[in-house]
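Undergrad: Numbering (this note's numbering), first residue to last: 2 to 487.
Every residue gets a Cβ at the ideal spot worked out from N, C-alpha and C, and that includes glycine.
Note that the structure is a prediction, hence the values are computed from the model and not measured.
1) Which one or two residues does DSSP pair with residue 429 in a beta bridge?
2) Taking just the CA atoms, how far does residue 257 sit from residue 502?
3) What residues are listed by DSSP as bridge partners for residue 329?
4) Return the bridge partner residues of residue 253 from the DSSP annotation.
5) On the CB-based measure, 16 or more other CB atoms within 10 Å of its CB, does residue 406 come out buried or exposed?
6) Do you know whose CA, among 333, 276, 254, 376, lies nearest residue 224's CA?
7) Whose C-alpha, out of 176, 411, 104, is nearest the C-alpha of residue 198?
8) May I have the straight-line CA-CA distance separating residue 463 from residue 336, to the nearest angstrom?
9) Considering only residues of the segment 91 to 143, which uninterrupted alpha helix (DSSP H) runs meet the minimum length of 4 residues and lie entirely inside it, listed in chain order?
10) Leaving out the 5 sequence neighbours to the left and right, which residues in its chain are closer than 6 Å to residue 416 when beta-carbon positions are compared?
11) If you reduce the DSSP assignment to three classes, tell me which class residue 27 lands in.
12) If I'm right that residue 222 touches residue 241 with Cβ under 8 Å, what's the distance once you round it to whole angstroms?
13) Could you give the distance in angstroms between the alpha-carbon of residue 324 and the alpha-carbon of residue 91?
14) Applying the 10 Å Cβ sphere with the 16-neighbour rule, what's the burial state of residue 226?
15) What is the DSSP secondary structure of residue 48, reduced to helix, strand or coil?
16) Say whether chain D places a C-beta atom closer than 8 Å to the C-beta of residue 78.
17) Out of 285, 245, 265, 289, point me to the one whose CA is closest to residue 273's CA.
18) Return the first residue and the last residue of the alpha helix (DSSP H) that residue 397 is part of.
19) Leaving aside the five residues before and after residue 87 along the sequence, list all residues of the same chain whose C-beta is less than 8 Å from its C-beta, in chain order.
20) Can at least three beta-carbon pairs, one atom from the segment 55 to 64 and one from the segment 39 to 47, be found at a separation below 8 Å?
21) Tell me, which residues are paired with residue 56 by DSSP?
22) Report the three-state DSSP secondary structure of residue 74 (helix, strand or coil).
23) Assuming contact is defined by CB atoms lying nearer than 8 Å, are residue 414 and residue 350 in contact in what I supplied?
24) By DSSP, does residue 417 sit in helix, in strand, or in coil?
25) If the criterion is Cβ atoms closer than 8 Å, does the pair residue 404 and residue 449 meet it?
26) Taking the continuous beta strand (DSSP E) assigned at residue 169, which residues delimit it?
27) Which residue from 319, 380, 306 puts its Cα closest to that of residue 342?
28) Give me the DSSP bridge partner(s) of residue 287.
29) Starting from the C-beta of residue 306, find all residues in its chain whose C-beta is less than 8 Å away, skip the five residues before and the five after it, and write them out in chain order.
30) With H, G and I counted as helix, E and B as strand and the rest as coil, what does DSSP make of residue 466?
31) Give the secondary structure of residue 350 by DSSP, where H, G and I count as helix, E and B as strand, and everything else as coil.
32) Which first and last residues belong to the alpha helix (DSSP H) in which residue 387 is found?
33) Have a look at 139, 389, 188 and flag the residue whose alpha-carbon is nearest the alpha-carbon of residue 170.
34) CB residue 1 to CB residue 334, shorter than 8 Å?
35) Can you tell me where the alpha helix (DSSP H) holding residue 185 begins and where it ends?
36) For residue 67, count neighbouring C-beta atoms within 10 Å of its own C-beta (all shown protein chains included) and say buried if the count is 16 or more, exposed if not.
Structure follows, in C-alpha cells:
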C-alpha cells in the first residue's frame, strides 16, 4: 500500500483517534476544537495551537506550520455539540460522537457504539488499492517515457499494457474528493464510498493484468519418456495450448549431450508458436527419479528457447514421467522491480547489500558431493539463483558457485562472496566485483574454496556469505531505453 502517513486528510490523520489523550497538551484541560501537530502529533486546543504558532511554534517540537493547516483541522475532529474529540461512532444513528455524547442524559446513551478507527481503517485499506493503481500507472508511464532495466520481452508487454485514461482520471478525482471530506462526512457516507470504490476496482480489474499468482494455476503437459531405447538424437514433441491463449511446442530430449561430455541429460526446449511474447516461468517435475527444475525464460513470438538440461541421466532408468507446467510472470512485479532499482540507484542511503548466509553441507555428509541451490531476493525484488558445487582436480577439492539472474530488473549489480568458518588447511578466496546482468545471465565464480583431497575429513563445514545490490555505477536510463526508442 502507498505510504499514507503523510496524508493530512481525516481518513488517515491522526493514525489513532480512539486512544488519543482527550486533554490539551498545553493547557491540560479537555481540548476544545482539537487539532493535531503535523510533526509530533500532539493534540492541542485550537486556541492553544494558534497562540503557539504565533510565538515559537508547537509547544513540544517547535515546528512552525501555517495556521491555515489548523484552520482546516479545527472543525474536523470535534463534536458539533460539545467541541470535544470524536472517538466513537453511534451505529444506531450513524454519526461520530465524543465522550460526553454517551452520558446518562444523552440521546445516544442506550445506543450501540463502535471504535471510530475501525471504520477509518477499513476505508483506508480500500482507498490504498486505488492509490496503488494510480502509482502503478505513473510507473508504467515513467518506464515508457525514459526506459528502464526490465528486459526486452517484458518491455514489449508493458508497451501493450492498457491504460484507460478516462478510468485513471476518475480514480484520481475520487481520491481528491474523498481526502477532502471531514470525519463526519466520511462516516455518514461510508457505504456509498465503499460501493464507489468497488465499482472502480471492478473497472481496474478489467483493464489490467491479473494479480501475481503464487502457484501454477493450470495443468501442464505430462510426457512418458522411454529412456532406455532412446538415442542421443531422440526427441519427444508435443503442442500445448495454455489458458492465456498461447500455443507452445515443447521438445523433450531423453539423452541430450552437451558438447563432448560423456554424461547425457534429460533436456527441454520450448517454442512460442502463437500468443504473447515476454517472460514465462517453466517448471519440470518428476517423481522417479526426483526432478525439480524451475526457470524463467524470455521468449519472442515464433522463436525457440535455449535447450535446458533438466537432469543428468546417470542411472539410465528405463522410463520417466515428466510433468511440464508454464505460466506468464506478472507485469506489475517487473514494474515494481524497475522502480525500486531506479530509486536505489538515485538514493545513496538505500544502496546496501542484501546479505544471505548458507552452510555448505551435503545430505549424506560427504563434502565432495556438495551441490546446493538457493533462491534469493534482493532489495529491488529481483530474484537470484545461487548454486554451489564441489569439483575434484589433481588431488585438490574445490568449491565453485554460479549466480543466475532468475527474474526482475536487469542492469549493473555489485555482489560479493565470502567463505568463513573454514579450517586453516583450506584456501578461501573472497570475491567482490560488479557485473552487468541481462535477463537469465549466469556468472561463474570458480574456486572460492580449495583444499587438499587428503584433508577432506578435517575441513569442517564452511559458511558462505553472499550479498548483492544495484551498482553504485548504475544509470537509471540503460540500454533498454535505447532499444525501445528505436
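TA: Looking at the coordinates:
1) 450
2) This structure does not reach residue 502, given that the chain is present from 2 up to 487, and the question cannot be answered.
3) 281
4) 237, 269
5) buried
6) 254
7) 176
8) 38 Å
9) none
10) 469
11) coil
12) 5 Å
13) 58 Å
14) buried
15) helix
16) Any reference to chain D falls outside this structure, which holds one protein chain only.
17) 245
18) Element bounds for residue 397: not the alpha helix (DSSP H) but the beta strand (DSSP E), 397 to 408.
19) 18, 78, 79, 80, 97, 98, 99, 117, 184, 185
20) yes
21) DSSP, once it has assigned bridges, lists no residue as partnering residue 56.
22) helix
23) no
24) strand
25) no
26) Taken as a continuous stretch (DSSP letters only), residue 169 belongs to no beta strand (DSSP E), being part of the alpha helix (DSSP H) at 166 to 179.
27) 380
28) 292
29) 270, 271, 272, 298, 300
30) strand
31) helix
32) Note, residue 387: premise wrong, no alpha helix (DSSP H); beta strand (DSSP E) at 384 to 394.
33) 139
34) In this structure the chain extends from 2 to 487, so residue 1 is not present and cannot be described.
35) 184 to 189
36) exposed
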